[in-house]
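If you're matching positions, the sequence shown starts at 340 in my numbering and goes up one per residue. First the structure, in the form of structure tokens, and then the observations on it.
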Amino acid sequence: MRALFPITLAMVLAAPAAAQDLSGEADPAVLAAIAKADLAEKADQLQSTAPAAKAMGLPAYDWWNEGLHGLARNGVATVFPQAVGLAATFDPALMEKVGTVVSTEARARFNAKPVDADRRIYEGLTIWSPNINIFRDPRWGRGQETYGEDPFLTGSLAVGFIKGLQGPDPLHPRVIATPKHLAVHSGPEAGRDSFDVDVSPQDREATYLPAFRKAVTEAKPLSLMCAYNSTHGVPVCADDALLNGTLRRDWGFKGFVVSDCDAVANIWMFHNYRYDAAEASAAAIKAGTDFDCGTTYAALTQSVARGLLTEAEVDRALARSLEARYKLGIAFGASNPWGKIKPGEVNSPAHRALALEAARKSVVLLQNENGRLPLKAGTRLAVIGTNADDLSVIEANYHGTAADPVTPLEGIRRQFGAANVAYAQGSVLAEGAPVVVPETALVADGKPGLRAEYLDMSGKRVFVRQDRRVDFNLTRTAPKGLDAKGFKVRWSGSLVPPGAGTYRLALDIPACWKDCTRHDDVRLSIGGKELHSGVLGKQRVEFDIASDGSPQPISLELDHYGEDEGLRLMWLPPADAQRAEAVKAASQADAIVAVLGLSPDLEGEALQVQVPGFVGGDRSDIGLPEPQAELLAALRATGKPVIVVLTNGSAVSIDPAMADAVMTAWYPGEAGGTAIAETLAGTNNPSGRLPVTFYKSTSDLPAFVDYSMKERTYRYFTGKPLWGFGHGLSYTTYGYEGAKVSAPALGQPVTVTATLRNLGAMAGEEVVQAYVVPPVIEPRPIMTQGVLQRQLAAFTRVPLAAGKSREVTLTIDPRSLSVVDRRGTRKVVPGDYKVWIGGGQPGDGAGAWVSFTLTGQAQELPK
């Protein structure tokens, strides 16, 4: 075992360029390999798609891999709830298990080839997750990738996930975790390449840095990603004070820093911070960005030739980066204790069981008027909503291919019996946004859906089955018996519109954009008329057809060549016909389950979407989109009980009067439909909590581009939310008794204890939360700053049988008691403190206040 001693910036600047001691950055075997390479070869290895380097003994390796909520974009993998859904579990121990599964499946995929095989994108062991930016505004489309709006919750969950990814031995990690995007990055998506954040020292220290600090100091990630934006005019990936100062010096970070993809190019192309690629590359390397996700570091040869950078500085960055491959045991003759993980461990029964556990724990019951839930067995249900049967809302973004995804409709049919469940799509998600053609509009051989013939590339039929809809994720995978590198499908049957009108059909392929040999061929005919024949690339193809409501023959053919990611048959039907079909289904039911909300088609990273309420992947309105709001009103008017199930990556404002019960299931992963159905039936007692505030209206929010925390998140919002951070109901009730607090000395941890009692008739899990209200500090925040209301300081999950009680103790460390002044200085100050211990924020459910006083001199805490 060898000790690693980091080089400080002062040492680098003081040492002659040719004499820098890099022994603290990498193993001698790594340094010996670097010494054999010329500058151009070194530059090649500092870009995300690194070619084979004969001099260094390295195969080709693409550093880019993803594992946000399951191993992504490389075939079948266990798909967990989206990150914001995992955050709703408030369960760091579960997060560690999820991280362990992601890294195990990454190793299983990696081990399917020899260790020295070339690797393409998404095949490596450097995982660019988790995203621990603060979800400060529900309009941000990528907020779904985060752990919500609270720095303490985000940091705690990140620590668990990173530990799970990297495993127990820091010298032999299963994979390398990469928390991102440091720092002060949370939308808008438009302009992100050049956006400058004028953040105050107080907000930077109190909100935007704590989760990163906690992740780095406690979980010891071996990589970290810097963000696109700049702060106060300095691009983050060229910010010496942040990367070499705060990250390495103050937090003790020992790994390598990778840029967000093309962020180094942004330094000169969009931020105009440097003149050209050579200057931008030099600025990034000097600031501590070791590795470029992109190709800009190809200019490092020019940087050195022009005297902007020394080759020794390039060597330092390369040593830090290649040390990662050494620790992983995949280069330079290093040992590899994880080589025994077999390909069969991908999506194992244990992994699927964990995905179901996570989905169950992520469901948040927001409203349950008059105990409408759980539903009784045998209840006749009308399941309404396009999200009830859509693959994308199960898998979310940055996802793998779920082997056996269960949509809400499928889960409810299995739970309540197919004979008791009627279904209608009811509406589109948003005006002008196509949705998948539902099973109710397709028929073949007298059954819902289309007859599907699956053939190999020679045209030989392998099997025939009935596909309820054409909605497939085929990323580097294929149905059993077919080759993922190529196969054919022939669908046939009839299109059965719900009524007369003009229907816009759409063919959509999430297209490969890297390492493609060719795009897929698709042919579509309706009523004997060919609408499309040929390559279907990145652009969606749309067609208008007029219908009198009668069935029309449909033929759809796909020639799949291995890298395009799937196929969806979509449409924009007449709203009146859809809504009438839904009301008819509802009229024959005892209760309505309306599966409504959002979609990764509408909110996400840099999407080419501009429809009412959505722009470029972000949202312009946080309300339920108008077509769904009109549908919900029509369902409510039937007089039948209405249960709304939201599938969403961000907070959605709805009128509570429109539903008897409301739950949010987020984008719930491969087992999401099962978890939703079990929660409706009461076999899963909901225990999730909101990791974000659900505001009543977009007008409650400050300007999206304003990064001040004033009136943002539960900590600074002074209005009344629809549902607050930490909120979540149960099918049982809890009581808190005998709350007390320790009598601590200033600067020491505080313990809060209470007896938790399950007062109901059902076993459940309570998420016990502690919120601190610290003294007001002087000088008071200036007008542009938010005034702290309270802050989450500790939490734990407590399973409890009906009628049982348990003493619960929460420990609050000094950082969670501290306050941050206008200079950005964090202190524990003397004065009177209050702590709430309960199942949510003060006033939200059961709980109790306790108070204590700290005396003495204020203590400044380390940065």
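Note that CB positions come from ideal geometry on N, CA and C, so glycine has one too.
inquiry  = Rounded to the nearest angstrom, what separates Ala619 and Val1044 at their Cα positions?
reply    = Residue 619 sits at position 280 when you count from the first residue of the sequence shown. Residue 1044 sits at position 705 when you count from the first residue of the sequence shown. Computed Cα separation, rounded: 26 Å.
message = Quick check: Asp806 and Ala817, are their CB atoms within less than 8 Å of each other?
response = The residue you call residue 806 lines up with position 467 of the sequence shown. The residue you call residue 817 lines up with position 478 of the sequence shown. Taking 8 Å as the Cβ cut-off, Asp806 and Ala817 do not qualify as a contacting pair.
request  = Taking 8 Å as the threshold, find out whether the region 900 to 918 comes into contact with the region 844 to 861 through three or more Cβ pairs.
outcome  = yes
ask   = Ala651 to Gly672, Cα distance in whole Å?
value = Translated into the one-based positions of the sequence shown, residue 651 becomes position 312. Translated into the one-based positions of the sequence shown, residue 672 becomes position 333. C-alpha separation (whole angstroms): 24 Å.
ask   = What residue range is occupied by the uninterrupted beta strand (DSSP E) comprising Tyr762?
value = Residue mapping note: residue 762 aligns to position 423 of the sequence shown, counting from 1. Residues Val760 to Ala763.
task = Hey, could you find the ends of the alpha helix (DSSP H) Leu1156 is sitting in?
result = The residue you call residue 1156 lines up with position 817 of the sequence shown. Note, Leu1156: alpha helix (DSSP H), Pro1153 to Leu1156.
key: Unbroken stretches of the alpha helix (DSSP H), 4 residues or longer, contained in the region 688 to 753   = 688 to 701 and 730 to 734
task = Compare the beta carbon distance of Ala637 and Leu581 with 8 Å and say whether it is the shorter of the two.
result = Mapped onto the sequence shown, residue 637 falls at position 298. Mapped onto the sequence shown, residue 581 falls at position 242. In this structure, Leu581 does not lie closer than 8 Å to Ala637 by Cβ.
request  = Kindly indicate which residue of Thr1148, Thr1164, Arg1165 and Ser1157 has the alpha-carbon position closest to the one of Gly1177.
outcome  = For this step, residue 1177 is matched to residue 838 along the sequence shown. When each option's Cα is compared against that of Gly1177, the closest is Thr1148.
ask   = Since Asn1097 is in the beta strand (DSSP E), which residue starts that stretch and which ends it?
value = The residue you call residue 1097 lines up with position 758 of the sequence shown. First-last of the beta strand (DSSP E) with Asn1097: Val1089 to Asn1097.
query = Per DSSP, what kind of secondary structure is Cys600 in: helix, strand or coil?
reply = Numbered from 1 along the sequence shown, position 261 holds the residue referred to as residue 600. Coil at Cys600, not helix or strand.
request  = Output the boundary residues of the beta strand (DSSP E) element that contains Val981.
outcome  = The residue labelled residue 981 in the question sits at position 642 within the sequence shown. First-last of the beta strand (DSSP E) with Val981: Val981 to Thr986.
task = Enumerate in chain order the residues of its own chain whose CB-to-CB distance from Ser642 is below 6 Å, with the five nearest sequence positions on each side excluded.
result = Sequence index remark: in the sequence shown, residue 642 carries index 303 (1-based). Same-chain partners within the cutoff: Ala617, Ser620, Ala621 and Leu648.
ask   = Of all the options Tyr1070, Arg691 and Leu974, which has the alpha carbon lying nearest to the alpha carbon of Thr417?
value = For this step, residue 417 is matched to residue 78 along the sequence shown. It is Arg691 whose Cα lies nearest to the Cα of Thr417.
query = Considering only C-alpha positions, which residue in the set Leu433, Ala445 and Ala368 is nearest to Asn1216?
reply = The structure shown has nothing for residue 1216, since the chain only spans 340 to 1202.
key: Rounded Cβ spacing between Ala623 and Ala761 (contact assumed at less than 8 Å)   = The residue labelled residue 623 in the question sits at position 284 within the sequence shown. The residue labelled residue 761 in the question sits at position 422 within the sequence shown. At roughly 58 Å, the Cβ-Cβ gap does not stay under 8 Å, so Ala623 and Ala761 are not in contact.
inquiry  = Give me the residue from Ser731, Gly1027 and Glu1105 with the minimum Cα distance to Arg699.
reply    = In the sequence shown, the residue the question calls residue 699 occupies position 360. The shortest C-alpha separation from Arg699 is found at Gly1027.
ask   = Skipping 5 residues on each side, what residues in its chain have a beta carbon closer than 6 Å to that of Ala1197?
value = The residue given as residue 1197 occupies position 858 in the sequence shown. Result list for Ala1197: Lys1166 and Val1168, in chain order.
According to DSSP, residues forming a beta bridge with Asn812 = As a working note, residue 812 is residue 473 in the sequence shown. Asn812 pairs with Gly905.
query = Going by the C-beta, is Asp1045 closer than 7 Å to any heavy atom of the ligand PLP?
reply = The ligand PLP is absent from the structure shown, which contains no ligand whatsoever.
query = When burial is assigned at 16 or more other CB atoms within 10 Å of the CB, is Pro560 buried or exposed?
reply = Against the sequence shown, residue 560 aligns to sequence position 221. Label assigned to Pro560: buried.
key: Rounded C-alpha distance that separates Glu684 from Thr443   = Taking the sequence shown and counting its residues from 1, one reaches residue 684 at position 345. Taking the sequence shown and counting its residues from 1, one reaches residue 443 at position 104. Their Cα atoms are separated by approximately 7 Å.
query = On the three-state DSSP scale, how would you describe Lys679?
reply = Reading the sequence shown from its first residue, position 340 is the one you call residue 679. Reduced to three states, the DSSP call for Lys679 is coil.
task = Determine, using beta-carbon pairs with one atom in the region 807 to 814 and one in the region 773 to 786, whether at least three such pairs fall under 8 Å.
result = yes
query = Mapping DSSP to helix, strand and coil, what is Asn605?
reply = Mapped onto the sequence shown, residue 605 falls at position 266. Asn605: helix per DSSP, three-state reduction.
request  = Specify the secondary structure class of Asp957 as computed by DSSP and reduced to three states.
outcome  = Counting from one through the sequence shown, the residue named residue 957 turns up at place 618. Of the three classes helix, strand and coil, the one that applies to Asp957 here is strand, per DSSP.
task = Answer yes or no: do Gly1103 and Ser1069 have a C-beta to C-beta separation smaller than 8 Å?
result = To locate residue 1103, count along the sequence shown from 1; it is residue 764. To locate residue 1069, count along the sequence shown from 1; it is residue 730. Cβ distance < 8 Å, so Gly1103 and Ser1069 count as in contact.
query = On the three-pair Cβ rule with 8 Å, is the region 714 to 725 touching the region 380 to 400?
reply = no
message = Considering Cα atoms alone, identify which of Glu544, Pro477, Asn605 and Pro512 is closest to Ser533.
response = Position 194 of the sequence shown holds residue 533. The residue with the shortest Cα to Cα distance from Ser533 is Asn605.
ask   = Between Leu946 and Ala1084, what straight-line distance do the alpha-carbon atoms span, to the nearest angstrom?
value = The sequence position of residue 946 within the sequence shown is 607, counting from 1. The sequence position of residue 1084 within the sequence shown is 745, counting from 1. If you take the alpha carbons of Leu946 and Ala1084, they lie about 52 Å apart.
request  = Tell whether a beta-carbon distance below 8 Å holds between Thr814 and Thr740.
outcome  = Mapped onto the sequence shown, residue 814 falls at position 475. Mapped onto the sequence shown, residue 740 falls at position 401. Closer than 8 Å, so yes.
message = Strictly by DSSP, which residues pair up with Phe882?
response = Position 543 of the sequence shown, counted from the first residue, corresponds to residue 882. In the DSSP output, where bridge partners are listed per residue, Phe882 has Leu844.
query = Taking the alpha-carbon positions, what's the Ala996 to Ala694 distance?
reply = Taking the first residue of the sequence shown as 1, we reach residue 996 at position 657. Taking the first residue of the sequence shown as 1, we reach residue 694 at position 355. Computed Cα separation, rounded: 33 Å.
message = Whole angstroms are fine: how far does the CA of Thr1003 sit from the CA of Met1122?
response = In the sequence shown, residue 1122 corresponds to position 783, counting from 1. In the sequence shown, residue 1003 corresponds to position 664, counting from 1. Residue placement at Met1122 is flagged as unreliable, the pLDDT there being 46, under the threshold of 50; the coordinate-derived value follows with that caveat. One C-alpha to the other measures close to 35 Å.
ask   = Tell me, which residues are paired with Gly506 by DSSP?
value = Taking the first residue of the sequence shown as 1, we reach residue 506 at position 167. Partner(s): none; Gly506 has no beta bridge.
Residue closest to Pro980, alpha-carbon to alpha-carbon, out of Ala925, Ala1016 and Pro966 = The residue given as residue 980 occupies position 641 in the sequence shown. Looking at the Cα atoms, Ala925 is the closest of the given residues.
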